[in-house]
Amino acid sequence: MKILIVDDDATNRLVLGAYLKQDGFEIISANDGQAAIDLFQDEQPDLILMDIMMPVLDGYEATKKIKVLSGERFIPIIFLTSMTDEKALSQCVEVGGDDFLTKPYNRTILTAKINALERVSDLYNTNQRQKQEQELITRRELEAQEQEVARKVFDSILSPGSLSSDNIQLHLSPMSLFNGDVVLAACLVEIDTSNNVLKYWNGAIPAAYLMQGDALIELKSTNLPLGILGDAGFSNKLDLIEIRDKDKIVLSTDGILEAENSNGGMFGSERFLKCLNSELTLDVTRSALFDHILQSMNEFVDGYEQTDDVTLAVINCDIDYINQLATERGQSKKFIPSHWSFELCFYYDALKSIDPIPLINQTLVEIQGYQIQQDKLSTILTELFCNSLDHGLLGLDSKMKSTPEGFMQFYSDKELLLKSMDEGFIKIAVKNIPTKNGGDLTIVFEDSGKGFDTSKLEKPKMPVSAEDNAMNFSGRGLLLIKSYCQSISYNEKGNRVECVYSWSNSD
Amino acid sequence: MSSEIIDLDILNELKEIMEDDFDELIETFIDDGQKQVDDLRVAIDASIAPDIRRIAHTLKGSSANLGANALSETCKVLEHDAAEDNLSDANNQYEKIKNAYEAVKASLAENF
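Residue numbers (this note's numbering), protein chains in the order written: chain L, 437 to 943; chain E, 64 to 175.
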């Protein structure tokens, strides 16, 4: 334990220091209040013995300041005084003193008081630390939940294949898949062709415009990014604006506006708007605008690597086309549950550029109609694919994702490993057996990886704590798949998983 | 005989505890004590009661620590008077303090 002695009288410091050194304490000393404050900050003593009458800064003022600097920690201060009048003593208490010691010092009392205060401060500081640890755990749990949500978004929603309509031009940079943010700027647009209305919700997307005739209308952000407000504070209020045939909607992330060149200059909204304005006056074909923006930006950055998400979408509001698309999708062609199966195999090079899940989803819909395409099935496929790729082929450890740092690390490792992967495959087989109202779908994922110790799966820990639960979730998403599927089983090696999912036509 | 001037039991205990530092303590006390006595003279001549009070207070404390009880007692009287802004007996008290200090100094030189 380190004790700071503050006294302007050298004799007192020496005598007191000698007593306390003999009791085994580490001693530092200051000769006035200001020196005490400086030493307090540099040396972090555990207890302070404070004289009152001192030049420069007296003991009262020094105590007040030190108590403020101590913050959440409890650093006991014992006043050294020969004053016995009530006013002086009450002032000691007012400024935050914890005890008194009257001169001349009685060694027994001195040691007893220091030991008593040491116990009090140990108790207080331990309690304080436990409180902080508890807060940290609570915050970690909350972050883990948020990351689970973020992961779902990154793993399943951002699949390029789902935006393949002819009226949408899209540029997605690799960073858009995961750039470490758990806060998402987002802009949702809905084109309502029956009322000629554009409905939109913009949360912090900086560049969102509607190009109408020769007018440029900004779709202003009136919301905070996703992931900041709690459920209660979130507003799902949509903004409405009239649209006409052949209007264009331009959406861009800040990664384009803030695209950097090697000199640290930014592309900026001025250059971006110039692209839009030049399109308005030149009346060119719809594909030109998209290319023009990307080209301008690429010329500006001149090959300098971008760290932020560079995503651009241009949506052409061709009413006829959209209506036709809507009819196709909306057609409730009567699909009869039937016998069929297919098998796809993706090798390492294909996996770098193709996301098989939208492809499979699409295929399922072609065969059995939209009745089969439910969120649950899509989730199962995504989870199984991520397991095969992340853990099976790339050998990433799911435990990494249990801490915030590890979560970030996981995704950056994944990107690197994926890039350098030069062997391996994932085989996906799907088979349907029709039932009365739908079918039993058998889904098999097999990868060329090492597999894993499947025996660990056989013994569910009871009771399952929240922590285990979260671990399993971040592990292989197995709990989720289990709850959706009739059955799930692994081969002994752990590189082949088979699930049976029952779907129903009536849903 | 010298127990009124200085409590040798206290000093011997300090010497035992402090070992090599004890000489420094004695030196510090003698040097600081001389300075305080001199400063007291100046403060009394200038009739600055707060200074008189502060110096007497400090000397009272350090002398008590060394077991110089007579010196400490005389300082206490002067400190008390100065706190009440009563300087009528200050010169007389100063003489007592000065003599007590010299006696302590002599006793320290004799014994250590």
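We put the beta carbon where it would ideally sit given N, CA and C, even for glycine.
Note that this is a predicted model, so its numbers are computed, not measured.
Segment contact: the stretch 145-159 of chain E against the stretch 108-121 of chain E, three or more CB-CB distances shorter than 8 Å; contact assigned.
Nearest in C-alpha terms to residue 846(L), of all of 684(L), 857(L), 827(L) and 863(L), is 827(L). Residue 539(L) has a beta carbon lying within less than 9 Å of a beta carbon in chain E. From the beta-carbon of residue 121(E), the residues of chain L found nearer than 8 Å are 444, 445 and 489. Residue-level contact check: residue 175(E) does not touch chain L, since none of the beta carbons of chain L fall below 9 Å from its beta carbon. At a cut-off of 9 Å between beta carbons, residue 158(E) makes no contact with chain L. With respect to the 9 Å criterion, residue 750(L) and residue 726(L) are classified as neighbours on the basis of their beta carbons. Among the bridge pairs identified by DSSP, residue 660(L) is matched with none. Separation of the CB atoms of residue 679(L) and residue 632(L) is rounded to 6 Å, and the pair is thereby assigned contact status at 8 Å. If you check the CB distance, residue 693(L) and residue 642(L) come in under 9 Å. The alpha carbon of residue 533(L) has as its nearest neighbour, out of 636(L), 502(L) and 566(L), the alpha carbon of 502(L).
By the Cβ test, the stretch 860-877 of chain L is in contact with the stretch 930-940 of chain L, since at least three Cβ pairs between them sit closer than 8 Å. The Cβ-Cβ distance between residue 81(E) and residue 71(E) does not fall below 9 Å. With its beta carbon less than 9 Å from one in chain L, residue 88(E) belongs to the interface. Within the same chain, 603 come within 6 Å of residue 757(L) by CB-CB distance, once the 5 residues on both sides are set aside.
Look at residue 935(L) here: in three-state DSSP terms it is strand.
For the stretch 452-472 of chain L, the set of residues with a beta-carbon nearer than 9 Å to any beta-carbon of chain E comprises 452, 453, 454, 455, 457 and 458, in chain order. Leaving aside the five residues that flank residue 923(L) on each side, the residues in its chain whose CB is nearer than 6 Å to its CB run, in chain order, 936.
Burial state of residue 856(L) is exposed, judged by a 10 Å Cβ sphere holding fewer than 16 other Cβ atoms.
Within the stretch 103-127 of chain E, 117, 120, 121, 123, 124, 125 and 127 place their CB atoms closer than 7 Å to a CB of chain L, listed in sequence order.
Three or more beta-carbon pairs separated by less than 8 Å are not found between the stretch 148-168 of chain E and the stretch 565-577 of chain L, which leaves the two stretches without contact. Put simply, the backbone Cα of residue 669(L) is about 10 Å away from that of residue 659(L).
The C-beta of residue 648(L) has 16 or more other C-beta atoms within 10 Å across all chains shown, which makes the residue buried.
Put simply, the CB of residue 485(L) is far from chain E, with every gap to its CB atoms at 9 Å or more.
Setting aside the 5 residues that flank it on each side, residue 439(L) is surrounded in the same chain by 456, 461, 462, 463, 464, 481, 482, 483, 484, 485 and 550, each with a C-beta closer than 8 Å to its C-beta; the list follows chain order. Taking a 10 Å sphere around the C-beta of residue 735(L), we find fewer than 16 other C-beta atoms and assign the residue as exposed. Under DSSP, residue 878(L) takes part in a beta bridge, and its partners are 867(L) and 936(L). Listed along chain E are 124, 125 and 128, each with a C-beta nearer than 8 Å to that of residue 448(L). Residue 562(L) is classed as exposed because its beta carbon has fewer than 16 other beta carbons within 10 Å across all chains shown. Here the C-alpha atom of residue 801(L) lies approximately 7 Å from the C-alpha atom of residue 808(L). Scanning chain E for C-beta atoms nearer than 9 Å to the C-beta of residue 526(L) yields nothing, as the closest lies near 17 Å away. The C-beta of residue 557(L) comes no closer than 9 Å to any C-beta of chain E. Residue 683(L) carries a strand assignment under DSSP once its states are collapsed to helix, strand and coil. The contact set of residue 95(E) on chain L, defined by CB atoms closer than 8 Å, consists of 445, 446 and 447 in chain order. Not a single CB atom of chain L sits nearer than 9 Å to the CB of residue 68(E).
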